[in-house]
Amino acid sequence: MKNNIKTLILAMLAATAPVMMTSCTEDDYYNVDINGVPEASAYVDDINITVDQETNTAYFEFTGTGVYPVWIIDGKSYQSTMSFSRYYRKAGDYQVEVKIGNGNGISNGTITKTFTIDKTQMNGFPGFVYDSGFNLWTKANRQINSFWYAPGWVQIADPACSFDGDTFTLTLPEATTDQWQAQMHVGTDISLTQGEHYDGSLIFTASMDMNNITVKIHPDGDDDDSHSFFPQQKVNLTAGEPAAFYFSDLEAAVDMNNLVYTFDFGGNPAGVEINIENIVLKKHSDDDGTVLPEIPTEQEPVWVDWASADNLFYNINYTPGFYYAPNWAQIADPGFTDNGDGSYTITLPEAAPERWQAQVSLNTDIVIDDPTVEYDFMCMVESNVDIPAVMFKLVQTDEGETKHDSNFYFADEQAIVNGTNKFWRAKVTPSEGGAMQAVSLFFDFGTCPAGTEVTISKIILQKHHD
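Below you can see the structure in the form of structure tokens.
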């Protein structure tokens, strides 16, 4: 479908230098016109722009006679053909400036026209259908509840943010280094029903590369990890590339009244602009026609023997580290036993209901001096109880101003169900592409119940080989 575009005329009085032309005959354009250079405003009705919203293609056409157009897109002279088309991938309002030329030169004025691209065209999966009748988000009251913006854990002024009814646009002027230092809380009056299953998606776009954006969806006033859809879902972005975050067929663990979307951009670069758009939330039983992408199955590596020189974690020197703070009140360190066979047992006598409240690390003497080498990692984690969410990270050990969150191999989260789980990642390299003076294996057992006993064993870090 093509939509006619309304015209916005702006007078520009500054004189301009002549522009090199293409696709024009000498007879048409270089004969002197006794009337002098043309007035741009006289040709407003000769400039037509239509947009095919199905393909995100804008069509530009000039129908005037005896003169020629100079199309200026993004501040640059684009071309002087009578018609052309251009593809726009991102949704938004765009402008094109047009000057008019003849044999005497280029017009003194400029015509500016605006046009709109309705939807962002994605290179990959675009998420669920935003404008379907099933989308609970578009029917809801929505507002920004609050921010917590604290580079270096020192709170500063809220970042600039706008919401046009469809898209949030957020600018973070100062860099942050750690998770939870750049929080944004979006409130709604959406209510979800315990036991019901839901689908959801949204599209992020950032002006700079960003890693580990956190998404958490939970009832207002209740951010208990076990009550949210996501205790800590991570999203990575490439500058200028829209990326869809989505989930499907997730069960609401509790009734969720006045649903809140918590976003955290901790670790952001200074001056980054972030768009959040096309938010969809719907019952899984409501079929909007979306076909989910196939998720490729990662090939598990062939593992070396644990007790071999090819395993960097064999016979390591290490120092254990702890932060044990149920309900954010730090208590004595958890029990820790080196069993002498490459396994370690941790006892957690008190429940730690939230993420980061039961942290354990093995700070090793492993050095990574060539960050281009790919590695595979695995370990076995056994527990006497189920744990909803265990975070495991392979990171650079803190040293002075160099913090582990700024350079890491992975930061993943998995559950322990029925007592055991194999944690593994293949073909990983440091996130910042930098060497590591030492490596730490980091676990967080936040969400564990009281009386938890965990044993970590069969830790292998090997050079990747296909």
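Using numbering that gives the first Met the number 0, read the sequence shown as starting at 0 and increasing by one per residue. Glycine is no exception: its CB is placed at the ideal position from the N, C-alpha and C atoms. Keep in mind it's a predicted model, so treat the numbers as computed, not measured.
Hey, residue i and residue j: beta-carbon distance below 9 angstroms or not?
| i | j | result |
| --- | --- | --- |
| Val69 | Lys112 | no |
| Pro300 | Asp375 | yes |
| Lys462 | Val359 | no |
| Gln178 | Gly265 | yes |
| Thr176 | Pro150 | yes |
| Phe61 | Ile72 | no |
| Glu96 | Ile116 | no |
| Ser307 | Met379 | no |
| Tyr129 | Val290 | no |
| Gly544 | Pro292 | Any answer about residue 544 is impossible in this case: the structure gives the chain only from 0 up to 465. |
| Ala333 | Ala357 | Residue identity differs from the one stated: residue 333 is Pro in this sequence, not Ala. Taking 9 angstroms as the Cβ cut-off, Pro333 and Ala357 qualify as a contacting pair. |
| Gly239 | Ala205 | yes |
| Ile315 | Ile367 | no |
| Ala494 | Thr49 | Lying before the first or after the last residue shown, residue 494 is absent from the chain, which here runs from 0 to 465. |
| Val394 | Gly450 | no |
| Thr454 | Asn362 | no |
| Gly35 | Asn144 | no |
| Asp219 | Asn140 | no |
| Leu460 | Asn310 | yes |
| Asp222 | Glu381 | no |
| Ala425 | Pro370 | no |
| Lys118 | Gln182 | no |
Is there a Cβ from chain B that is less than 9 angstroms from the Cβ of residue i?
| i | result |
| --- | --- |
| Asp248 | The chain labelled as chain B is not found in the depicted structure, where only one protein chain is given. |
To the nearest angstrom, how far is it from the Cα of residue i to the Cα of residue j?
| i | j | result |
| --- | --- | --- |
| Gly418 | Glu452 | 10 angstroms |
| Ala324 | Met207 | 35 angstroms |
| Gln78 | Phe422 | 56 angstroms |
| Cys447 | Asn277 | 35 angstroms |
| Ile202 | Gln193 | 26 angstroms |
| Lys215 | Thr261 | 5 angstroms |
| Asn267 | Met377 | 29 angstroms |
| Asp92 | Phe83 | 19 angstroms |
| Val66 | Ser106 | 10 angstroms |
| Asp340 | Gln142 | 54 angstroms |
| Tyr42 | Pro125 | 40 angstroms |
| Ile386 | Arg85 | 52 angstroms |
| Phe146 | Phe167 | 13 angstroms |
| Val234 | Asp263 | 10 angstroms |
| Gly186 | Gln180 | 19 angstroms |
| Phe321 | Trp327 | 14 angstroms |
| His184 | Ser190 | 17 angstroms |
| Thr431 | Met209 | A quick correction: the sequence has Glu, not Thr, at residue 431. Going from the Cα of Glu431 to the Cα of Met209 covers about 11 angstroms. |
| Ile458 | Asn406 | 20 angstroms |
| Ala437 | Ala156 | 36 angstroms |
| Asp211 | Pro37 | Correcting the residue type first, residue 211 is Asn in the shown sequence and not Asp. Looking at the two C-alpha atoms, the distance is approximately 55 angstroms. |
| Asp397 | Ala410 | 16 angstroms |
| Tyr148 | Val253 | 29 angstroms |
| Met81 | Thr64 | 10 angstroms |
| Lys89 | Val427 | 31 angstroms |
| His464 | Trp302 | 10 angstroms |
| Asp44 | Gly100 | 16 angstroms |
| Asp285 | Phe133 | 7 angstroms |
| Glu25 | Thr237 | Reliability of the predicted coordinates at Glu25 is poor, the pLDDT of 37 falling under 50, and no value is obtained from them. |
| Thr137 | Ser131 | 9 angstroms |
| Ala251 | His217 | 10 angstroms |
| Phe127 | Gln94 | 29 angstroms |
| Tyr317 | Thr336 | 13 angstroms |
| Glu272 | Ala331 | 42 angstroms |
| Ile415 | Gln329 | 24 angstroms |
| Lys282 | Glu349 | 37 angstroms |
Going by DSSP, what residues sit across from residue i in a beta bridge?
| i | result |
| --- | --- |
| Pro218 | Leu258 |
| Phe376 | Arg424, Leu460 |
| Asn274 | Thr168, Thr204 |
| Gln298 | Answer by DSSP bridge pairing: none, since Gln298 is not bridged. |
| Asn101 | Gly104 |
| Ile365 | Answer by DSSP bridge pairing: none, since Ile365 is not bridged. |
| Gly186 | Gln142, Val259 |
| Val416 | Thr419 |
| Val359 | Phe321, Phe442 |
| Gly199 | Phe246, Leu280 |
| Ser382 | Val453 |
| Phe409 | Leu393 |
| Val234 | Ile212 |
I'd like to know if the stretch 247 to 261 and the stretch 165 to 175 are in contact, where contact means that at least 3 CB-CB pairs between them fall below 8 angstroms.
The stretch 247 to 261 vs the stretch 165 to 175: no contact.
Contiguous alpha helix (DSSP H) assignments of at least 4 residues, all confined to the stretch 109 to 181
Along the length of the stretch 109 to 181, whole alpha helix (DSSP H) runs at least 4 residues long occupy 135 to 138, reported in chain order.
Can you find at least 3 beta carbon pairs, one from the stretch 196 to 204 and one from the stretch 234 to 248, that sit closer than 8 angstroms?
By the Cβ rule, the stretch 196 to 204 counts as touching the stretch 234 to 248, because three or more pairs are nearer than 8 angstroms.
Is the stretch 297 to 317 close to the stretch 344 to 351, with three or more CB pairs under 8 angstroms?
In short, these stretches do not touch, since the Cβ pair count stays below three.
Residue ranges of each beta strand (DSSP E) within the stretch 426 to 457, 3 or longer:
Segments of the beta strand (DSSP E) lying fully in the stretch 426 to 457: 438 to 443.
Contact between the stretch 433 to 449 and the stretch 378 to 393: three or more CB pairs below 8 angstroms?
Between the stretch 433 to 449 and the stretch 378 to 393 there are three or more inter-stretch CB-CB distances shorter than 8 angstroms, so the stretches are counted as touching.
Completely contained alpha helix (DSSP H) runs for the stretch 22 to 92, where each covers 4 or more residues
Complete alpha helix (DSSP H) runs here, min 4: 25 to 28.
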